[in-house]
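Heads up, the sequence shown is in my numbering, so the first residue is 796 and it goes up one at a time.
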Amino acid sequence: MKEKKFQIFDIPWIILVQKLDFLSERIVSLAFDVISRVLETGPGWRLVSSHFSTLLDSAIFPTLIMNEKDIAEWEEDAEEYMRKNLPSELEEFSGWREDLFTARKSSLNLLGIISISKGPPVLASSVSSKRKKGERNKRKDCSSIGELLVLPYLSKFPIPVNSSSKAINEYFGVLMAYSSLLDFLKEQKPGFIATLIRTRVLPLYKESLCQPYLIASANWVLGELSPCIPEEMNADIYASLLKVLTMPDTDKFSCFPVRTSSAGAIAKLVENDYMPPEWLPLLQMVVGRISDDEEDTSVYLQLLGTLVEIGSENVAPYIPDIVPLLVRAISRCIPPSPDPWPQMVERGFATLALVAQCWEDSAPEGSEENESYVAWVSRRTTIAKAFSDLLQRAWFKPFQSMDGEAALSKMSPSCVDDSSTLLGFIIQYIADSNIVLQLKISELLVAWSNLIADWNAWEEMEDLSIFKCIKEAVSLNNKFALKNFVVGQLPSPPAPPVPQRSIIEGIGLFVTEAFSQYPSAVWRASSCVHMLLHVTSYSLEQDVKKSLAFSFSKAAFSRFRETKSKPCSLWKPLLLGISSCYLHFPDGVEKILETLEHEGFTVWVSALAFILTDKFEHKMSTESEIKLTGMTLVKVIERLLTEGKQRSTSLHDCFTSLIEASIRAKEMQVEEEEEDEEDEGEDDNDEDSEDDDEEDSEDDEIEETEEEFLERCAKVATALENGTIVEEGDLEDQEQDIDLGIDCQCSFLILNFFRSIWKRGCLGH
C-alpha cells in the first residue's frame, strides 16, 4: 500500500520541469513543501524515509538539472535567471515574491531537510526523559541521510571534462544540491567540507574546464557555504573568485551572472571575517570596472560598499587613491540634462558617502600637531577636492547655459541625502579662506540649500545627513562669513535687481517644514533654530533674521497646537524653539502666537512654565535648556510687569518656574562637579563597584507582570502612531546643546531684582 501512495514520484512530468507553466510549477513546488512538512512528524518520516532514494533520483534531482528554460533566461534576461537561481544580497531584483516559489527552490529546501535527518522526530511529550536522553545519544552516533544517501548519490556525477551539454546540465544540478547542504556541512569535521570544495568545486575554475553556467553556480555555492568554510581554504577560494570577477562576455555567452555571483561570494567571504591579503589591487580592480554599463556597475559599487563597511581599517589607507578614480567614473555617467539620475549614479553617491564615513572613522587620535594627524588632514583635502569636483559636475554643468534661479529651479533632486554627506565632509575641516574659494563652497551651498528648500521626501535616516550638513555650514560661515549666506546674489541685468534666495533662507525653509514631520525631525529642527538665529553675519541684515524667527515660531506653535491637549516629549523642542525666536523679537513673535490662536501667547507662556516643573514627565536634560527657558521667562516677566499685569496668573507661574529653573541649574552644576570628582576616583575600583551595582540592581529590580508589560507596550505604540514620542534609536536627538548666544548667567542675576519687585508689589496682594 505504501508503494502506491508514492507512485507520484514516477510520473514523467516531474522529470520534464522545463515544460511546466507557472501554475503547474507552483503545484510541484507546493508538493515538495508538503513533503517537507510531513517529514517533521514521526509517522510522516517513517512513511517517506523508505522512498528517499526514489524521491532524490526521480523528483528532487530532475528539478535541479539545468534545462532549456534556464538557458533561455540566461541569454534573454540574466537578472531573472539570477533572481530565481543565484539570489544575491548585492542585487535588489524586483518582482512578485510568489515568483520565488519555484520547484527548484522547494526541492532544495526538501533536500536540506533530508540531508540532516537521522531518524524520525521525537515529540517531547511522547517519551520519558531517560528515553529522550537515550535517543539523543543514539542519534549522535548515527550517520545522517546526507552521509548515507545524498553525497554518495551526487558523487556519481563527475566534473565535466568537455563541453558535453548533458554532463554540464547534470553538474549544474550537483552544485545546486551542494548549496542546500549548509546545515548538514556545519555538523561535519572541518576537513570534510575542505575536501568537498577542493575536489568538487575548485577544479571548475581551471581554464580548460571553465564553463560560465557552472562557474556562476560554483561562485554562488561558495558564497552560500562561506559560513562553514575552513579558514585555511579561504585564500584558495578567494583567488578563484577573483579570477572570474571580471570574466569578459564572449560571442556565445553573457558572463554577467558569473561576475555578479563572484562579487556576491567575495562579499560573503569578507562578511565572514576573511580579509584579502592585498586590498589595493582588489579596490582598483573593482573601481576600474565601473563604467556606463549600469548592470555591472551597480554590482561593483555594491561590492565596493561592502568592502568599505566590513574592512574599514584595511581600506582606509587606500581611500585617497581610489576616490579620484571613482569620482571620474561616476561623473561620466551623470546625465547632461536635469532628468532624474540613473540608478548607477545614485549607487555611486551612496558608495561615496560610505567611503567618506570610513575616512572620518580612521582619524588618528592625538593632538592636531601630531604628524599622523597632519598627514591625515592633508590626504583628506585630496578627497574633499574630488568630492567638490563631483558636486560641481552634478549641480552646475547641466545648467551652464542658464542663469540665476532658472538653473537652480531645474536641479535634479536625486541623492540629496548622500550629496549632503559629501558636502558636509568637504566643509568640516576647512581652516583657510583660500580653500573656501578653491572648492567653490559658497556656490555649492547655494545649490544645495535650494535643493533642500523644496525637500519633500522626508525619511528618518536620509534627513539626518541634511541636518548634519546644516550644522557644518553654519559653523563654517561663523568662521569665514561666506558669500551669499545671508543675502543672495543679485541677478545679472536686465533682470530685476531682486536678490536670489540666500543659503540661510533655503535652510530656513527646510527647517520650517521639519516642524511638521516625524518627532526626530522636530527635535533636529529645534536645535537648528537656536543655531541659525545666532549666525554671526546678521549685523546689517536683521530683516532676514526676523523673517526666519517668525517662520520658525509659526511652524513650531502650529505643531504645538496639535499636541497641546496632553503634555508629551515634543513639547520641549517646540516650546524651546519658540523661546529662541521670542528672545530676539518678542513683539513680533507675540503677535504671531496671538494670530494663530486666541490668547496664544498666554498658552505658550503657561506651557513653557509647566515644562520646568516636576509635573512634566520629560524634564530638562541639559543645563543649556534650563537656562534658555529661564532667560525666556525673565523676558516674559519683564514684559508683563511693564504692561502692568502683575496680578496675572501667567506672572505667578513664570516667577515660580523661574525660581525652580534657577535651583535646578545650580543643582546640575553641582552634580556635574561631583561626577567629575567621582570619575577621577573610580578608575582604581571599577570592577568591585560594578559587581556591587549589579547585585544591588538585581535586588531592587521589581519584575514586571505580563499585563503591565502589554499595557506599557500599547501606550508606547499609541504614542509612536500619534507622533508624540521619538523612537528609541533616535533618543540622541533629544540631547540639545543649545547655542544661547549671550552670557546667560547675567539673566539669572536679574532674579534678585525681580524678587524685590515681587515682594513690594505683588506679595502684599
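A virtual CB, placed ideally from N, CA and C, is assigned to each residue, including glycine.
Pairwise C-beta distances place the region 1465–1474 out of contact with the region 1420–1430, as fewer than three of them are shorter than 8 Å. Comparing C-alpha distances from isoleucine 822 to each of Arg1175, Thr1358, Asp1249 and Ser901 shows the shortest one belongs to Ser901. Within 10 angstroms of the beta-carbon of lysine 981 lie fewer than 16 other beta-carbons, which makes it exposed.
Per DSSP, lysine 1180 is one residue of the alpha helix (DSSP H) stretching across 1166–1190. When the five nearest sequence neighbours on each side are left out, the beta carbons in the same chain lying within less than 8 Å of the beta carbon of cysteine 1023 are those of Leu977, Leu980, Lys981 and Ile988, in order along the chain. Taking the C-beta atoms as reference points, threonine 1101 is found nearer than 8 Å to alanine 1062. For the pair serine 883 and serine 1056, the CB atoms are nearer than the 8 Å cut-off. Annotation: the continuous alpha helix (DSSP H) that includes serine 1348 extends over 1337–1358. For glycine 1161, the three-state secondary structure derived from DSSP is coil. The residues Asn1014, Leu1017, Ser1057, Ala1060, Ile1061 and Leu1064, in chain order, have a CB closer than 8 Å to that of leucine 1036 in the same chain once the five nearest residues on each side in sequence are set aside. Counted as a single uninterrupted DSSP element, the alpha helix (DSSP H) harbouring lysine 864 occupies residues 863–871. For leucine 1378, the CB contacts under 7 Å within the same chain, skipping 5 residues up- and downstream, are Met1426, Thr1427 and Lys1430 in chain order. Boundaries cannot be given for glutamine 1006, as no alpha helix (DSSP H) includes it and DSSP labels it neither H nor E. Around the Cβ of glutamine 1097, a 10 Å sphere holds 16 or more other Cβ atoms; the residue is buried. In this structure, the CA atom of histidine 1413 is about 27 Å from the CA atom of glutamate 1257. Relative to the Cα of phenylalanine 1262, the nearest Cα in the group Ser1311, Ser1321 and Leu1277 belongs to Ser1321. With a cut-off of 8 Å on Cβ pairs, the region 1272–1280 is in contact with the region 1223–1237, counting three or more such pairs. Between the region 1141–1153 and the region 1111–1128 there are three or more C-beta pairs closer than 8 Å, enough to call the two in contact. Excluding five sequence positions before and after serine 1348, the CB atoms of its chain that fall closer than 6 Å to its own CB belong to Ile1373, Cys1376, Val1384 and Ile1387, given in chain order. A Cβ-Cβ distance of about 6 Å is found for the pair leucine 1218 and tryptophan 1243, placing them in contact under the 8 Å criterion.
Counting other Cβ atoms within 10 Å of its Cβ, leucine 1186 reaches 16 or more and is therefore classed as buried.
Across the structure, alanine 898 and cysteine 1264 are spaced so that their CA atoms are roughly 50 Å apart. The three-state secondary structure of leucine 1277, taken from DSSP, is coil. With respect to the 8 Å criterion, valine 1172 and tyrosine 1224 are classified as neighbours on the basis of their beta carbons. Of the residues Ala826, Arg1123, Arg1434 and Ser960, the one whose Cα lies closest to the Cα of phenylalanine 1182 is Arg1123. A residue is called buried once 16 or more other Cβ atoms fall within 10 Å of its Cβ, and glutamate 1420 is buried on that count. Leucine 850 and glutamate 965 have their C-alpha atoms spaced approximately 17 Å apart. Scanning its chain for C-beta atoms nearer than 8 Å, with the 5 sequence neighbours on each side dropped, one finds around glutamate 868 the residues Glu875, Tyr876 and Lys879, in chain order. Beta-carbon to beta-carbon, serine 974 and leucine 903 are separated by about 7 Å, close enough to satisfy the 8 Å threshold. The three-state secondary structure of proline 1294, taken from DSSP, is coil. Relative to phenylalanine 1220, the option among Asp1031, Gln1152, Glu1160 and Thr858 whose CA is nearest is Gln1152. By the Cβ criterion, the region 994–1001 is in contact with the region 950–969, since at least three pairs of Cβ atoms, one from each stretch, lie closer than 8 Å.
With contacts defined as CB atoms closer than 8 Å, leucine 1246 and proline 1208 qualify as a contacting pair. Per the coordinates, the alpha-carbon of valine 1400 lies some 51 Å from the alpha-carbon of threonine 1177.
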